[in-house]
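One structure below.
Residue numbers (full-length UniProt numbering): 1 to 106.
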């Protein structure tokens, strides 16, 4: 039987943390793919200039896609797959996210 203190320890382990893969649209229309355990906070970092160097030439404008992953390893795998996609396929991901949650802005 698991005790309450064991449950609390398990809840704080990195394996139990939810990770996301996300896409951010830059001012020039390009899409940036990354992973984070808090994509909204990470997007704010990108907007403030403290995120990826990618946004030095064209600022982050919108968080346009997020996908929940089981763990960090899964998020990294999904990120690699998305980064290999052509831009048109990435735009389809963005469109599918917009159509499943109209009016939702992340």
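For glycine and all other residues, C-beta sits at the position ideal for the given N, C-alpha and C.
- [ ] Leaving out five residues on either side along the sequence, give the residues of the same chain with a beta carbon under 8 Å from the beta carbon of residue 39.
- [x] 20, 22, 63, 66 and 106
Open item on the list: Under 8 Å: do the region 72–82 and the region 45–56 share three or more Cβ pairs, one atom per stretch?
Closed with: no
Task: For residue 77, the three-state DSSP class (helix, strand or coil) - done: helix
- [ ] Tell me, please, which residues DSSP counts as bridged to residue 34.
- [x] 22
Open item on the list: To the nearest angstrom, how far is the alpha carbon of residue 42 from that of residue 88?
Closed with: 24 Å
- [ ] Flag this pair as yes or no: are the beta carbons of residue 26 and residue 60 separated by less than 8 Å?
- [x] yes
- [ ] Please say whether residue 34 and residue 79 have beta carbons closer to each other than 8 Å?
- [x] yes
Open item on the list: By alpha-carbon positions, which one of 93, 24 and 36 ends up nearest to residue 17?
Closed with: 36
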